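So the sequence shown is residues 1 to 311, counted in full-length UniProt numbering. Note that CB positions come from ideal geometry on N, CA and C, so glycine has one too. Since we're looking at a predicted model, the values are computed, not measured.
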Amino acid sequence: MPALSFQSVSKTYPSRSAGAPALHALKQVSLEVQEGEFFGLLGPNGAGKTTLISILAGLSRPTTGRVLVHGHDVQTDYAAARRLLGVVPQELVFDPFFTVRESLRIQSGYFGVKHNDAWIDELLDSLGLADKAGSNMRQLSGGMKRRVLVAQALVHKPRVIVLDEPTAGVDVELRQTLWAFIAKLNKQGHTVLLTTHYLEEAEALCGRIAMLKNGQLLALERTSDLLRSATSQVLRFKLDGDLPPAVAAIARVTGRIVQLPVHNAVEIENHLTTLRTAGLVVEDVEIRQADLEDVFLEVMNRKQTASGALA
Ligand SMILES: Nc1ncnc2c1ncn2[C@@H]1O[C@H](COP(=O)(O)OP(=O)(O)OP(=O)(O)O)[C@@H](O)[C@H]1O
Ligand SMILES: [Mg+2]
1 MPALSFQSVS KTYPSRSAGA PALHALKQVS LEVQEGEFFG LLGPNGAGKT
51 TLISILAGLS RPTTGRVLVH GHDVQTDYAA ARRLLGVVPQ ELVFDPFFTV
101 RESLRIQSGY FGVKHNDAWI DELLDSLGLA DKAGSNMRQL SGGMKRRVLV
151 AQALVHKPRV IVLDEPTAGV DVELRQTLWA FIAKLNKQGH TVLLTTHYLE
201 EAEALCGRIA MLKNGQLLAL ERTSDLLRSA TSQVLRFKLD GDLPPAVAAI
251 ARVTGRIVQL PVHNAVEIEN HLTTLRTAGL VVEDVEIRQA DLEDVFLEVM
301 NRKQTASGAL A
C-alpha cells in the first residue's frame with residue numbers, strides 16, 4: 001500500500017467576479033508516493049503545490065478525486081489520516097502566547113501523545129532550538145519560527161513528513177541541520193514529501209520528483225532518470241551585451257552569465273558563431289553537465305496543447 005495516493009485530484013476555485021473564469025488550481029493530478037520515499041514536488045509559483053498539500057492535510061476539499069494516507073481517506077477517515085501526517089506549512093502560523101516548549105507540548109496533546117518530553121528535547125536539540133525552549137514565540141526571528149513549525153510537525157513522530165518550502169528564508173546552517181535531521185528520519189523509514197524552489201536541494205535529496213505547472217502534472221520520474229533524460233550538456237559563458245533573439249529564447253541568464261542547452265559539438269559551434277557574428281565577445285566559456293534546474297526549465301518550457309497534453 002502506498003504511503004500517499006492522490007487519485008485524479010482536481011481543485012477549482014469559482015470566479016470572484018461575473019465573467020471572470022474559474023481557476024483550475026489542480027487538474028486531475030494522480031500520483032503515488034511509496035513508504036520510505038524522499039519525494040519532491042516541484043513547480044513554479046502558483047503551480048498548485050500548496051493546494052495539493054492543503055487537500056492532503058484535510059484543510060481544503062478537492063473538487064473531484066480523493067487522497068489516501070496509508071489507505072485512510074483524508075476526508076472520510078480524517079483523524080486516522082491526519083495522525084499519520086506531519087505537515088510543515090508554507091505560511092508562518094503560530095500562537096504568540098506560548099513558549100516554544102509549551103507549544104510543542106500542546107501539539108503533542110492534540111495528537112494524544114503523552115510523556116513526550118524526551119522526544120521534544122531531541123527535536124529542540126536537533127533543530128538548534130534548545131536555548132529557545134523558554135522563549136515566547138513572539139520573540140523568535142523568522143528562521144527560528146520556521147524551526148518551531150518543523151518541530152511541531154514532527155512532535156507525534158508521523159510516518160509521513162510533508163514539508164512545504166521549509167527552507168524559504170532560512171540560513172545556510174539551519175538548512176544543513178534540517179536536512180541532516182530529515183534525512184535521518186527518512187533513513188529510519190519515514191516517508192518525506194517536499195516542495196522547494198531550491199532545486200539543488202531537491203536534486204540532492206529526492207529519489208523521485210513530480211513537476212507541476214498550472215495544476216497539471218508534467219513529469220513524474222526518478223531524479224536520476226530526469227537528469228539522464230536532460231539536454232546532455234550546458235554551454236556556459238559570460239557576456240557583455242544583449243543576446244540575439246534566437247539565442248535569448250533558449251538561454252538561462254543570471255546577470256552576465258548565460259547558459260544554453262547543447263546536444264552536440266555542432267550546436268556549440270553554431271551558438272558561438274552566432275554570437276561572434278553579432279559582434280559579441282564571450283568570456284570564461286565552459287561546458288558542464290545539465291542539472292535539475294536545466295531539466296526543470298526544459299519541462300516547464302515544453303509546449304502544452306489546449307487539452308493540456310504535451311506536444
Ligand atoms: N483560496 C483560494 N482562492 C482562490 N484561488 C486560490 C486559493 N488558494 C490558492 N489559489 C490559487 O491556486 C493556484 C495555486 O496556488 P498554490 O498556492 O497551490 O501554488 P504553489 O504551487 O504552492 O505556489 P508557490 O510556489 O508560490 O507556493 C494559484 O493560482 C492561486 O492563486
Ligand atoms: Mg506554495
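Take Gln-107 and list the residues in its own chain whose beta-carbon comes closer than 7 Å to its own, dropping the five residues that flank it on each side. Taking the sequence shown and counting its residues from 1, one reaches residue 107 at position 107. If we look at Gln-107 and ignore the five residues flanking it on each side, its Cβ neighbours are Gln-152, Val-155.
Please determine whether the Cβ atom of Asp-164 lies at a distance below 8 Å from any heavy atom of ligand 3. Although ligand 3 was asked about, the structure shown includes only ligand 1 and ligand 2 as ligands.
When Arg-61, His-271, Glu-173, Arg-302 are compared against Ile-287, the one with the closest alpha-carbon: Taking the first residue of the sequence shown as position 1, residue 287 is located at position 287. For Ile-287, the nearest C-alpha among the options comes from His-271.
Practice task
With a cut-off of 8 Å on the beta carbons, I'd call Arg-105 and Ala-133 a contact; round off their distance for me.
Solution key: Position 105 of the sequence shown, counted from the start, is the residue given in the question as residue 105. Position 133 of the sequence shown, counted from the start, is the residue given in the question as residue 133. Wrong, their Cβ atoms sit about 11 Å apart, outside the cutoff.
Can you list, in chain order, the residues of its chain whose CB lies under 8 Å from that of Met-137, leaving out five sequence neighbours each side?
As a first step, residue 137 must be located in the sequence shown, where it is residue number 137. Here the set comprises Phe-94, Asp-95, Pro-96, Phe-97, Phe-98, Thr-99, Val-100, Ser-103, Lys-145, Val-148.
Could you check the C-alpha separation between Leu-292 and Leu-205 for me, to the nearest Å?
Indexing the sequence shown from 1 puts residue 292 at position 292. Indexing the sequence shown from 1 puts residue 205 at position 205. One C-alpha to the other measures close to 12 Å.
* Asked: Within 8 Å: the Cβ of Thr-195 and any heavy atom of ligand 2?
  -> In the sequence shown, counting from the first residue as 1, residue 195 sits at position 195. Because some heavy atom of ligand 2 lies under 8 Å away, the Cβ of Thr-195 counts as near it: yes.
Those runs of the alpha helix (DSSP H) which lie wholly inside the region 108-158 and span at least 4 residues: 117-126, 142-154
CB of Ala-80 within 9 Å of CB of Gly-36, strictly: Within the sequence shown, numbered from 1, the residue matching residue 80 stands at position 80. Within the sequence shown, numbered from 1, the residue matching residue 36 stands at position 36. No, the pair does not count as a contact, with Cβ atoms beyond the cut-off.
ask   = Mind checking whether the beta-carbon of Tyr-13 lies closer than 8 Å to any heavy atom of ligand 1?
value = Your numbering for residue 13 matches position 13 in the sequence shown. True, at least one ligand heavy atom lies under 8 Å from that Cβ.
- Among Val-162, Pro-166, Asn-186, which has the Cα closest to the Cα of Gly-142? Here residue 142 refers to the residue found at position 142 of the sequence shown. Of Val-162, Pro-166, Asn-186, the residue nearest in Cα terms is Pro-166.
Exercise for review: Counting only the same chain and skipping the five closest in sequence on each side, list residues whose C-beta sits under 6 Å from that of Ser-120.
Suggested key: Counted from its first residue, the sequence shown places residue 120 at position 120. Contrary to the premise, residue 120 reads as Ile rather than Ser in this sequence. Closer than 6 Å at the Cβ level, and outside the excluded window around Ile-120, lie Leu-104.
| query | Between Thr-223 and Glu-203, is the Cβ-Cβ spacing less than 9 Å? | reply | Sequence index remark: in the sequence shown, residue 223 carries index 223 (1-based). Sequence index remark: in the sequence shown, residue 203 carries index 203 (1-based). In this structure, Glu-203 lies closer than 9 Å to Thr-223 by Cβ.
Subject >> Through-space distance from Arg-175 to Gly-188, alpha-carbon basis >> reply: Here residue 188 corresponds to residue number 188 of the sequence shown, with the count starting at 1. Here residue 175 corresponds to residue number 175 of the sequence shown, with the count starting at 1. Here residue 188 turns out to be Gln, not Gly, going by the sequence shown. So the two alpha carbons sit approximately 20 Å from each other.
Same chain, Cβ closer than 6 Å to Val-29, neighbours up to 5 away in sequence not counted:
Sequence index remark: in the sequence shown, residue 29 carries index 29 (1-based). Within the same chain, Phe-6, Val-9, Leu-217 come within 6 Å of Val-29 by CB-CB distance, once the 5 residues on both sides are set aside.
Exercise for review: For the beta strand (DSSP E) containing Arg-289, list its first residue and its last residue.
Suggested key: Here residue 289 corresponds to residue number 289 of the sequence shown, with the count starting at 1. The residue asked about is misnamed: residue 289 is Gln in this sequence, not Arg. Segment 282-289, the beta strand (DSSP E) holding Gln-289.
By the DSSP assignment, the beta strand (DSSP E) with Val-295 in it spans what residues? Walking along the sequence shown from the start, residue 295 turns up at place 295. Counting along the chain, Val-295 falls outside any beta strand (DSSP E), though it belongs to the alpha helix (DSSP H) covering 292-301.
Query raised in the report: Which term fits Ala-22, buried or exposed, when burial requires 16 or more other beta carbons within 10 angstroms of its beta carbon?
Result: On the sequence shown, residue 22 is found 22 positions in, with the first residue counted as 1. The residue is exposed, with fewer than 16 neighbouring Cβ atoms inside 10 Å.
- prompt: With Leu-239 and Leu-280 assumed to form a contact (beta carbons below 8 Å), what rounded beta-carbon distance in angstroms separates them?
  reply: The count along the sequence shown starts at 1 and reaches residue 239 at position 239. The count along the sequence shown starts at 1 and reaches residue 280 at position 280. Their Cβ separation, rounded to whole angstroms, is 6 Å, which keeps Leu-239 and Leu-280 in contact under 8 Å.
Anything with a beta carbon under 6 Å from a heavy atom of ligand 1 counts; list them all in chain order.
Tyr-13, Leu-23, Ala-25, Gly-43, Asn-45, Gly-46, Ala-47, Gly-48, Lys-49, Thr-50, Thr-51, Gln-90
Supposed contact pair Thr-195 and Leu-31 - C-beta distance, whole angstroms, cut 8 Å
Along the sequence shown, one-based indexing puts residue 31 at 31. Along the sequence shown, one-based indexing puts residue 195 at 195. The Cβ separation is near 13 Å, so there is no contact.
On the DSSP letters alone, give me the boundaries of the alpha helix (DSSP H) that Arg-175 sits inside. Translated into the one-based positions of the sequence shown, residue 175 becomes position 175. Segment 172-187, the alpha helix (DSSP H) holding Arg-175.
CA nearest to the CA of Ala-290, picked from Thr-273, Arg-252, Leu-185: Mapped onto the sequence shown, residue 290 falls at position 290. The candidate whose alpha carbon is nearest that of Ala-290 is Arg-252.
* So what's Asp-164 in DSSP terms, helix, strand or just coil? -> Here residue 164 corresponds to residue number 164 of the sequence shown, with the count starting at 1. If DSSP states are grouped into helix, strand and coil, Asp-164 belongs with the strands.
Apply the 10 Å Cβ neighbour rule to Gln-139 and answer buried if 16 or more other Cβ atoms are within range, or exposed otherwise.
Taking the first residue of the sequence shown as 1, we reach residue 139 at position 139. In this structure Gln-139 is exposed. Its beta-carbon is surrounded by fewer than 16 other beta-carbon atoms within 10 angstroms.
Excluding the five sequence neighbours on either side, which residues of its own chain have a C-beta within less than 7 Å of the C-beta of Lys-27, listed in chain order? The residue you call residue 27 lines up with position 27 of the sequence shown. Only Ser-10, Gly-215, Gln-216, Gly-308 meet the Cβ criterion.
Margin query: So, for Ala-306: in the same chain, excluding its five sequence neighbours on each side, which residues have a beta-carbon less than 8 Å away from its beta-carbon?
Written below: As a position in the sequence shown, residue 306 is number 306, starting the count at 1. Reliability of the predicted coordinates at Ala-306 is poor, the pLDDT of 41 falling under 50, and the value obtained from them is presented with this limitation in mind. Hits under 8 Å: none found.
So, is Lys-170 buried or exposed, given that buried needs 16 or more other C-beta atoms within 10 angstroms?
-> Translated into positions along the sequence shown, residue 170 becomes position 170. Looking at the sequence shown, residue 170 is not Lys but Val. It counts as buried.
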